[in-house]
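Q: With the working numbering as the guide, the letters of the sequence shown map in order to residues 381 to 828. The beta-carbon is built from N, C-alpha and C at its ideal position, and this holds for glycine as well. Encoded as structure tokens, here's the structure I'll be asking about.
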Amino acid sequence: MPGALGSIGDLFTSLGAPAAELGKEFGELKEQIRPSAATVRDSIERLQKSLAVEAEYLQKHGSAAIPQVNFADLVDGRFSRSSAEEIRKRGCVVVRNVVPLERAVEAKAVTEEYIAANREKLIGFPREQPMVWEVYWSKEQMRMRQHQNMLATQTALNRLWHSANGEVDVDRPLTYCDRLRIRKAGDRSFTLGPHVDGGSTERWEDEEYRKVYRDILSGHWEQYDAFDATHRASARYDLYGKNLGACSIFRSFQGWLSLSHAGEARGALLLAPILREATAYLLLRPFMEDVLPSSFCGANPGKVQDLFPEFHQLLIDCLVPIPDVQPGDTVWWHCDLIHAVEGVHGGQEDAAVFYIPAVPFCEKNAAYVKEQAKALQQGHTPPDFPSNQCEVDCNGRGTEEDLSDEGRKAMAFEARVGCTQAHADADTPRRCITSWSKSKHLKLVKFA
Numbered sequence: 381m382p383g384a385l386g387s388i389g390d391l392f393t394s395l396g397a398p399a400a401e402l403g404k405e406f407g408e409l410k411e412q413i414r415p416s417a418a419t420v421r422d423s424i425e426r427l428q429k430s431l432a433v434e435a436e437y438l439q440k441h442g443s444a445a446i447p448q449v450n451f452a453d454l455v456d457g458r459f460s461r462s463s464a465e466e467i468r469k470r471g472c473v474v475v476r477n478v479v480p481l482e483r484a485v486e487a488k489a490v491t492e493e494y495i496a497a498n499r500e501k502l503i504g505f506p507r508e509q510p511m512v513w514e515v516y517w518s519k520e521q522m523r524m525r526q527h528q529n530m531l532a533t534q535t536a537l538n539r540l541w542h543s544a545n546g547e548v549d550v551d552r553p554l555t556y557c558d559r560l561r562i563r564k565a566g567d568r569s570f571t572l573g574p575h576v577d578g579g580s581t582e583r584w585e586d587e588e589y590r591k592v593y594r595d596i597l598s599g600h601w602e603q604y605d606a607f608d609a610t611h612r613a614s615a616r617y618d619l620y621g622k623n624l625g626a627c628s629i630f631r632s633f634q635g636w637l638s639l640s641h642a643g644e645a646r647g648a649l650l651l652a653p654i655l656r657e658a659t660a661y662l663l664l665r666p667f668m669e670d671v672l673p674s675s676f677c678g679a680n681p682g683k684v685q686d687l688f689p690e691f692h693q694l695l696i697d698c699l700v701p702i703p704d705v706q707p708g709d710t711v712w713w714h715c716d717l718i719h720a721v722e723g724v725h726g727g728q729e730d731a732a733v734f735y736i737p738a739v740p741f742c743e744k745n746a747a748y749v750k751e752q753a754k755a756l757q758q759g760h761t762p763p764d765f766p767s768n769q770c771e772v773d774c775n776g777r778g779t780e781e782d783l784s785d786e787g788r789k790a791m792a793f794e795a796r797v798g799c800t801q802a803h804a805d806a807d808t809p810r811r812c813i814t815s816w817s818k819s820k821h822l823k824l825v826k827f828a
């Protein structure tokens, strides 16, 4: 098998990856960008009061604090005004019935057949009995990514964002190809501690990324807009984590499609639905007096941003399990939202998902998707992930021919001549699509 073997375990210290030691250069960085002591003190004082109120609310309401929307209630590709406000506040949402239940159940079964047929070639985490598979190109993953309801949901999520410079087109969803998880009942190995994706030390190191949080670092966290994409489109998220699974592009929301019934005490996803306050606390915490000069409180180069009780107990206390979900439901959380996974799957059924995030069109994202399209053609692992290349010779692997017209558009492939649609998903209607142009935009192509 070509390439260095790798898995999701390489990215998380809670899964056994060693934490890096930060050198003196990080202490120098901290001094260069440090807010004044008064700014930190006053900001943290206000944050602690707000977080205490939120923690009390979340302890009382639990999973009910997470917004829930039925896919059928999306109107013209948007959430209602009230739902949009709640999603922006909480930073997460469960969108139900995105895919018909029986279709999601079928997708799981067919994918398990694909894994079984290629078991000697495929790897995952844990190595002996994988729960998270290094699988990206099964046909069912491709079909679910391009499902018309999935693309519509992603578009509605992207439209919660805005940008001042016009670099982000929220009306054009792109496909980011990720792994799948089939966690067996009783499992205790896939235990993701509280963390935030989207880089770690990069939030402070990269100048453009740091601009995202300028209101927080200047002491005005109440003015921070978590849905302003102006500086996210060109921020660098992966200064250290190439080919580990650290996302290098701008995801508006992380997400997954459920292929099973799941919920609290069954290996549930845990979310901290207090987006603005939690982000502000996370960004300011390294500048408090009890933190060592070179420490960024769990931000380790090449890993995710971990949360630890000694630094972040206020935030950890705000984690709640997602509501119960069934096959065909989707769960989405803002790219800065704190999340974790229950340490024990105490249910009787697999907790299975396809990881499918929401990604809007921008130059950086489009360039990545073009490289991802080349990986599909070769059967290679997508660029952000460990270069195991284990699917190259897999029987029944999906190919470019399995993409619908809308799937091709989202994957940055050229339009088919005559708008034909070989092997299209039965759930996705034929329609004229946009083709890839060498400019940084997609242009509409009409067919006779």
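Taking just the CA atoms, how far does R507 sit from L729?
A: At residue 729 the sequence reads Glu, which differs from the Leu that was named. Their backbone Cα atoms lie some 21 Å apart in a straight line.
Q: Starting from W517, follow its DSSP beta bridges and name the residues at the other end.
A: Beta-bridge pairing links W517 to no other residue.
Q: Among residues of its own chain, excluding the 5 on either side of Y556, which ones have a beta-carbon nearer than 6 Å to its beta-carbon?
A: Contacts found: P737 and V739.
Q: Assuming W584 is part of the alpha helix (DSSP H), what are its boundary residues?
A: Residues E582 to E585.
Q: Going straight from the alpha carbon of T535 to that of F630, what length do you get?
A: Roughly 14 Å between the two C-alpha positions.
Q: Determine the DSSP secondary structure at I696, reduced to helix, strand or coil.
A: The answer is helix: DSSP assigns I696 an H, G or I state.
Q: Consult DSSP for H760 and reduce its assignment to one of helix, strand or coil.
A: Here H760 sits in coil by DSSP.
Q: If you draw a straight line from the C-alpha of S817 to the C-alpha of E794, how long is it?
A: Reliability of the predicted coordinates at S817 is poor, the pLDDT of 37 falling under 50, and the value obtained from them is presented with this limitation in mind. About 8 Å.
Q: Can you have a look at I413 and say buried or exposed, based on whether 16 or more other CB atoms are within 10 angstroms of its CB?
A: So I413 counts as exposed.
Q: Taking 7 Å as the limit between beta carbons, can you name the residues of its chain near C774, skipping five residues before and five after?
A: N498 and K501, listed in sequence order.
Q: From the DSSP output, in three-state form, read off I503 for me.
A: Coil.
Q: Name the DSSP bridge partner or partners of G635?
A: W712.
Q: Just to confirm the assignment: which complete beta strand (DSSP E) runs, minimum length 3, are found wholly within the stretch 411-495?
A: Runs of the beta strand (DSSP E) inside the stretch 411-495: 448-450 and 472-476.
Q: Helix, strand or coil, according to DSSP, for F793 in the structure here?
A: F793 falls in the coil class under three-state DSSP.
Q: With a Cβ-Cβ cutoff of 7 Å, do L637 and F734 count as a contact?
A: In this structure, F734 lies closer than 7 Å to L637 by Cβ.
Q: In three-state terms, what does DSSP make of Y661?
A: In the structure shown, Y661 sits in a helix (DSSP, three-state: H, G or I).
Q: Assuming I596 is part of the beta strand (DSSP E), what are its boundary residues?
A: It is not in any beta strand (DSSP E) - I596 instead sits in the alpha helix (DSSP H) that spans R594 to L597.
Q: Check each candidate in P681, G759 and V711 and name the one with the smallest Cα separation from G635.
A: Nearest of P681, G759 and V711 to G635, Cα basis: V711.
Q: My guess is that F676 and T581 are in contact by the Cβ rule of under 8 Å, so how many angstroms apart are they, rounded?
A: Correct: roughly 6 Å between the Cβ atoms.
Q: When DSSP builds the beta bridges, which residues end up paired with Q685?
A: DSSP output for Q685 lists V576 and A679 as bridge partner(s).
Q: Tell me the DSSP bridge mates of H725?
A: The partner list for H725 (beta bridge, DSSP) reads R646.
Q: Quick one, which of I562, G471, Q752 and A609 has its alpha-carbon nearest H719's?
A: Answer by Cα proximity: G471.
Q: Is Y604 helix, strand or coil by DSSP?
A: Y604 falls in the coil class under three-state DSSP.
Q: Looking at the structure shown, is D551 part of a helix, part of a strand, or coil, going by DSSP?
A: Note: D551 maps to strand in three-state DSSP.
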